[in-house]
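As you go down the protein sequences, you meet chains A and B in turn.
First residue of the first sequence: 2, per our numbering; consecutive thereafter.
First residue of the second sequence: 2, per our numbering; consecutive thereafter.
The C-beta atom is built at its ideal place from N, Cα and C for all residues, glycine as well.
Encoded as C-alpha cells, the structure appears first; notes follow it.
Number of protein chains: 2
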Amino acid sequence: MNFQEKLDNIVKKNNSLVCVGLDQGELEFNQKIIDQTHDLVCAYKPNFAFYEALGSKGWENLQKTVDYLRAKYPEVITIADAKRADIGNTNNGYVTAIFDELKFDAVTVNPYFGREALQLFLDQKDKGIILLCKTSNPGSGEFQDFVWEKVATNVAKNWNKNNNCLLVVGATYPEELAQIRKIVGEMTLLVPGIGTQGGDVAKTVKAGLNSTKAGMIINSSRGIIFSANSRAEALKLRDEINKYR
Amino acid sequence: MNFQEKLDNIVKKNNSLVCVGLDQGELEFNQKIIDQTHDLVCAYKPNFAFYEALGSKGWENLQKTVDYLRAKYPEVITIADAKRADIGNTNNGYVTAIFDELKFDAVTVNPYFGREALQLFLDQKDKGIILLCKTSNPGSGEFQDFVWEKVATNVAKNWNKNNNCLLVVGATYPEELAQIRKIVGEMTLLVPGIGTQGGDVAKTVKAGLNSTKAGMIINSSRGIIFSANSRAEALKLRDEINKYR
C-alpha cells in the first residue's frame, strides 16, 4: 500500500485530518499521548530537533516511538519531521535513516537544492515526500515569497511522477494556501500553524481542502501534547475541522 | 575565542584552507583519516547523513569523532554538516544537539525559513553559522537562482550582527562565487565541489579569496578519505590551493 492510500484509509476510518506533532523526545510521554489520541487522528509527526537535543538516547527514543506506533496502531501515518536535504548521493544516508532504519511513512524535505538533488527522496514511491513550500513562521517571506509559487508549480508538474509528493503550507497564510491549492490540484498539503501559532481553523480548512473534502493533514503540536487533556483537545480540533469540510 | 579567530589561527598555523569532509560514519576510519591529515587542514566536516544512516550507533560515532578531534587536535575547526533549519523555537533542539551536546564549532544551515526563524542559530555568537547560498549540485539553480543573491545580500547586511555568518558556495559555480565575494566583503565562504564533483581549484581560489588571501574553507570529501593515501591527497590539495593564494 502506498502513502496516499494509507492516508486516505485512516482519514476515512478516524474521520480526521488531524496530525499530532510529537514535539518532545520522551518515550513514555509520547506513548501516553498516542494511546489517548490514536483513534482521533490521521498522523503523528515527531519533530527530529527535540529528539536530537537528547543525543543518541533521543535517537533511540525516536526509534522506539515509531516502533510503538507501527506495532500498536499500524494504520496511522508516521511523518518524520526532519526537514532534511543535501546534494545527490548524500541523501542516501537520510533515506536509509528515515525509511529503512526508522521506517517512517513520510518525511519533510527542504526544496532549496532543487529536484535533481532530491531525486533519491522522490524515488521512494510508496513513501510521502513532503516539500516545504510556504512555511508558517512570521518571517517565511524573506526568500520564500520569491519561490513558493515555483516550488508549488514545479513539484506538481515535474517532481510528482510517483504521485508521492506533498507540500507544507502554513495555516498562518490562508491566501497563499488557497493559491497553492489551485496550483497543485488534488495534492495533499501538510498544514502546520494551527493553535499556538495563531492559524484560524475555519479559514485554513476552507482554503485548503481539495475536491474530495480532504487533501490536508492539519498539524497541532503544543496545543495538544502539553494540554491537561490531550484527548479532549484532539477531539475538539478534529470536530472543529470537520465542521468546515 | 570565537569561530573566526579559531579559524584564522589554524589557517595560519597549518597554512591551509583545506577542509576534509568525513563522509562516512565509522569511528576508526575517521580517526585514521584525522591522524593522517590533521596538520594539513583547517577543518573537518562530518556530514550527518552518513552517521544517521547507522541509527543511534551512528549518532554515537559522530559524538566520538568530534570528541576525538577536540581531545587530540583542539585547534582544528569542526563543522557539523547537518543542513538543519526549522521554525523559531524548534531550532533550540538543533542548537542544543550540535553545540551543547556534540560541541561542534560551526553548523551548516538551510536559509529557506528566513532570518526570523533562524535567530537562535545566529545568536550563537562564538559559533560559525554557515548558510547555504549557491550549492554545488548541477540542479541547484531551480530555486536558488531566484534567491542566492538575496541570501548573500541579506546575510551580509542583516544577519551578521555577531560577525559569525559564513556562506556555502559551490566550486562548480566560479562566476557566482566571484559575484558573492563582491557582495559579502571579507566573509568566509565554505566551498564544496572540488574534486569528485568537478570544481576547478585555480578558478575557485581566484574567484573566492578575500583581501587577506584567505576567507575560504575549501572542502574535499571522497577524493581524500577514500584515497589509498589520504595524507598525500590532502597535501596535494593544500599545496595546489596555496599556489593561487
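Output yes if chain B places a C-beta closer than 8 Å to the C-beta of residue i; else output no.
{"i": "Tyr174 (chain A)", "result": "no"}
{"i": "Tyr45 (chain A)", "result": "no"}
{"i": "Ile88 (chain A)", "result": "yes"}
{"i": "Phe147 (chain A)", "result": "yes"}
{"i": "Arg71 (chain A)", "result": "no"}
{"i": "Asn161 (chain A)", "result": "no"}
{"i": "Asn220 (chain A)", "result": "no"}
{"i": "Tyr113 (chain A)", "result": "yes"}
{"i": "Ser228 (chain A)", "result": "no"}
{"i": "Glu177 (chain A)", "result": "no"}
{"i": "Leu141 (chain A)", "result": "With the sequence shown as reference, residue 141 (chain A) is identified as Ser, and Leu is not the correct amino acid for it. Yes - at least one Cβ of chain B is within 8 Å of the one on Ser141 (chain A)."}
{"i": "Thr189 (chain A)", "result": "no"}
{"i": "Lys249 (chain A)", "result": "Residue 249 (chain A) lies beyond the range of chain A shown here (2 to 246); nothing can be said about it."}
{"i": "Ala81 (chain A)", "result": "no"}
{"i": "Glu76 (chain A)", "result": "no"}
{"i": "Gly94 (chain A)", "result": "yes"}
{"i": "Arg182 (chain A)", "result": "no"}
{"i": "Gln125 (chain A)", "result": "no"}
{"i": "Phe122 (chain A)", "result": "no"}
{"i": "Gly224 (chain A)", "result": "no"}
{"i": "Phe144 (chain A)", "result": "yes"}
{"i": "Ala54 (chain A)", "result": "yes"}
{"i": "Ala157 (chain A)", "result": "no"}
Among the options, which one has its Cα closest to the Cα of residue i?
{"i": "Asp124 (chain A)", "options": "A:Cys134, A:Ser141, A:Gly142 and A:Asn92", "result": "A:Asn92"}
{"i": "Asp68 (chain B)", "options": "B:Ile11, B:Lys84, B:Gln32 and B:Gly56", "result": "B:Gln32"}
{"i": "Gly26 (chain A)", "options": "A:Arg71, A:Ile99 and A:Gly59", "result": "A:Gly59"}
{"i": "Trp160 (chain A)", "options": "A:Asp146, A:Ala179 and A:Arg116", "result": "A:Arg116"}
{"i": "Val1 (chain A)", "options": "A:Leu178, A:Val185, A:Ala179 and A:Gly142", "result": "Here chain A has residues from 2 to 246 only, and residue 1 (chain A) is not among them."}
{"i": "Glu177 (chain B)", "options": "B:Lys151, B:Lys162 and B:Asn163", "result": "B:Lys151"}
{"i": "Ile181 (chain A)", "options": "A:Phe30, A:Gln120, A:Asn163 and A:Asp146", "result": "A:Asp146"}
{"i": "Asp101 (chain A)", "options": "A:Gln120, A:Gln64, A:Asn111 and A:Glu76", "result": "A:Gln64"}
{"i": "Phe82 (chain B)", "options": "B:Ile131, B:Ala72 and B:Gln120", "result": "Inspection of the sequence shows that residue 82 (chain B) is occupied by Asp rather than by Phe. Comparing Cα positions, the closest option is B:Ile131."}
Answer yes or no: do residue i and residue j have a C-beta to C-beta separation smaller than 8 Å?
{"i": "Thr66 (chain A)", "j": "Ile88 (chain B)", "result": "no"}
{"i": "Thr197 (chain A)", "j": "Gln5 (chain A)", "result": "no"}
{"i": "Tyr126 (chain A)", "j": "Asn165 (chain A)", "result": "The sequence given here has Lys at residue 126 (chain A), not Tyr. Yes, Cβ-Cβ distance for Lys126 (chain A) and Asn165 (chain A) is below 8 Å."}
{"i": "Phe122 (chain A)", "j": "Val148 (chain B)", "result": "no"}
{"i": "Ala215 (chain B)", "j": "Asn138 (chain A)", "result": "no"}
{"i": "Gln220 (chain A)", "j": "Asn16 (chain A)", "result": "The question names Gln, yet the displayed sequence has Asn at residue 220 (chain A). No."}
{"i": "Ala107 (chain B)", "j": "Gly129 (chain B)", "result": "yes"}
{"i": "Ile11 (chain B)", "j": "Ile80 (chain B)", "result": "no"}
{"i": "Tyr95 (chain B)", "j": "Ile35 (chain B)", "result": "no"}
{"i": "Ser141 (chain A)", "j": "Ser57 (chain B)", "result": "no"}
{"i": "Asn90 (chain A)", "j": "Asn111 (chain B)", "result": "no"}
{"i": "Glu53 (chain A)", "j": "Lys14 (chain A)", "result": "no"}
Give the C-beta separation of residue i and residue j to the nearest angstrom, bearing in mind that I take them to be a contact with Cβ-Cβ under 8 Å.
{"i": "Phe114 (chain B)", "j": "Ala86 (chain B)", "result": "5 Å"}
{"i": "Glu241 (chain A)", "j": "Val202 (chain A)", "result": "5 Å"}
{"i": "Leu55 (chain A)", "j": "Asn62 (chain A)", "result": "7 Å"}
{"i": "Thr154 (chain B)", "j": "Pro175 (chain B)", "result": "Actually they do not touch by this definition, with Cβ atoms about 20 Å apart."}
{"i": "Leu70 (chain B)", "j": "Thr109 (chain B)", "result": "Not quite, the Cβ-Cβ distance comes to about 17 Å (not below 8 Å), so this is no contact."}
{"i": "Asp24 (chain B)", "j": "Arg246 (chain B)", "result": "Wrong, their Cβ atoms sit about 26 Å apart, outside the cutoff."}
Any Cβ of chain A within less than 8 Å of the Cβ of residue i?
{"i": "Leu168 (chain B)", "result": "no"}
{"i": "Leu133 (chain B)", "result": "yes"}
{"i": "Ala50 (chain B)", "result": "yes"}
{"i": "Glu29 (chain B)", "result": "no"}
{"i": "Lys1 (chain B)", "result": "Beyond the ends of chain B as shown, which are 2 and 246, falls residue 1 (chain B); an answer cannot be given."}
{"i": "Ser231 (chain B)", "result": "no"}
{"i": "Thr205 (chain B)", "result": "no"}
{"i": "Asn138 (chain B)", "result": "yes"}
{"i": "Arg116 (chain B)", "result": "yes"}
{"i": "Ala98 (chain B)", "result": "yes"}
{"i": "Glu241 (chain B)", "result": "no"}
{"i": "Thr91 (chain B)", "result": "yes"}
{"i": "Ser212 (chain B)", "result": "no"}
State yes or no: is the C-beta of residue i nearer than 7 Å to some heavy atom of the ligand GDP?
{"i": "Val12 (chain A)", "result": "For the structure depicted, the ligand GDP is absent and the ligand set is empty, with no information on it obtainable."}
Of all Cβ atoms in chain C, is any one closer than 8 Å to the Cβ of residue i?
{"i": "Glu234 (chain B)", "result": "Of the protein chains in this structure, namely A and B, none is chain C."}
Count the CB pairs spanning the region 157-171 of chain A and the region 222-241 of chain A that are closer than 8 Å, and state whether there are at least three.
Here the region 157-171 of chain A does not lie against the region 222-241 of chain A, with fewer than 3 beta-carbon pairs under 8 Å apart.
Touching or not, the region 230-237 of chain B and the region 209-219 of chain B, by the rule of three or more beta carbon pairs under 8 Å?
Output reads no: the region 209-219 of chain B does not touch the region 230-237 of chain B.
Counting Cβ pairs closer than 8 Å, one from the region 42-60 of chain B and one from the region 11-22 of chain B, do we hit at least three?
Taking 8 Å as the limit for Cβ pairs, the verdict is that the region 11-22 of chain B does touch the region 42-60 of chain B.
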